[in-house]
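Q: In this text, residue positions in the sequence shown follow full-length UniProt numbering: the first is 1, and each later residue adds one.
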Amino acid sequence: MVKKTEERADSAAAGKRVTYYVALPFTRDAEGELAAGEAAEFQSPGAAMQAANALSKKHGGAVAFSRSGDPSIGEFDDAVVLIRVGDVPADLESFTS
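#1: What number of angstroms, rounded off, separates the C-alpha of T96 from the C-alpha of A79?
#2: With DSSP as the reference, please indicate the residues paired to G61 in a beta bridge.
#3: With DSSP run on the structure shown, which of helix, strand or coil describes M49?
#4: May I ask you to report which of helix, strand or coil DSSP gives S66?
#5: If you compare alpha carbons, which of K16, V85, S44, T19 is closest to K58?
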């Protein structure tokens, strides 16, 4: 009986989903193209959105987004944009995946 309990615990751990909240700044490079800065992870959606607001003032634009999935197997859902502030690319998929 103990073995079945351990197996269930192992399979539950393998299927554990997490959500990451991220703020990502954008600036214009010398050619005028938008370039992503360094992403920062936060504990809550509100904290990520506050950071995006602050980053947009310093960098010209920022986005906050979340991604949920199972890091143990590397599977994640598409990113969900929480807020766009200032000058950010229209298509964020390549920056949020």
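Every residue gets a Cβ at the ideal spot worked out from N, C-alpha and C, and that includes glycine.
A: Here's the rundown:
#1: 6 Å
#2: F26, G86
#3: helix
#4: strand
#5: V85
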